[in-house]
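Participant: In the UniProt record's numbering, the protein residues as written are 1 to 101. Cβ coordinates follow ideal geometry from the N, Cα and C atoms, glycine included. Predicted model only: the values in this text are computed from it and were never measured. Just dropping this structure here.
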């Protein structure tokens with residue numbers, strides 16, 4: 001596989017995630033779109049590391065940190081969504097807009 005193929009995959013993941021994040025009203029679907037966008041960035045970062053500097057472990061560490069942060073962010077996001085749903089029975093972004101103080 002070439003760098004262009006990996007970048008095409010990364011851009012497709014990012015584009016699908018962007019469409020999903022902008023077109024959905026469900027908070028969970030919005031978070032899934034954000035997850036796809038982050039996955040696209042991770043694939044692009046890993047591809048650049050593999051093709052430009054495979055001898056160093058910097059790219060592997062960067063991808064590992066990004067995946068860890070992504071997992072933590074999703075866990076925290078789902079915890080907040082669960083708390084909002086239990087408190088107000090709200091699962092859409094438009095309905096959650098009135099939560100501002």
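Using only alpha-carbon positions, find the residue among 7, 91, 34 and 72 that is nearest to residue 44.
Facilitator: Selected option, being the one with the closest Cα: 7.
Participant: Buried or exposed for residue 35, please, with buried defined as at least 16 other CB atoms from any protein chain shown within 10 angstroms of its CB.
Facilitator: By the neighbour-count rule (16 or more Cβ atoms within 10 Å), residue 35 is buried.
Participant: Determine the direct distance from the alpha carbon of residue 88 to that of residue 81, and round the result to whole angstroms.
Facilitator: Rounded to the nearest angstrom, the two C-alpha atoms are 10 Å apart.
Participant: Is there contact between the stretch 60-67 and the stretch 19-28, where contact requires at least three CB pairs shorter than 8 Å?
Facilitator: In short, these stretches do not touch, since the Cβ pair count stays below three.
Participant: Just grab the DSSP bridge partners of residue 92 for me.
Facilitator: Answer by DSSP bridge pairing, in chain order: 26.
Participant: Could you name the residues of the same chain whose beta carbon sits closer than 7 Å to that of residue 91, not counting the 5 residues immediately before and after it, in chain order?
Facilitator: Cβ neighbours of residue 91 beyond the five flanking positions: 26, 27 and 85.
Participant: Quick check on residue 125: does DSSP put it in helix, strand or coil?
Facilitator: Look at the range of the chain in this structure, 1 to 101, and you will see that residue 125 is not part of it.
Participant: Using only CA atoms, which one of 37, 70 and 46 lies nearest to residue 15?
Facilitator: Of 37, 70 and 46, the residue nearest in Cα terms is 37.
Participant: With residue 17 and residue 46 assumed to form a contact (beta carbons below 8 Å), what rounded beta-carbon distance in angstroms separates them?
Facilitator: That pair is no contact at about 17 Å.
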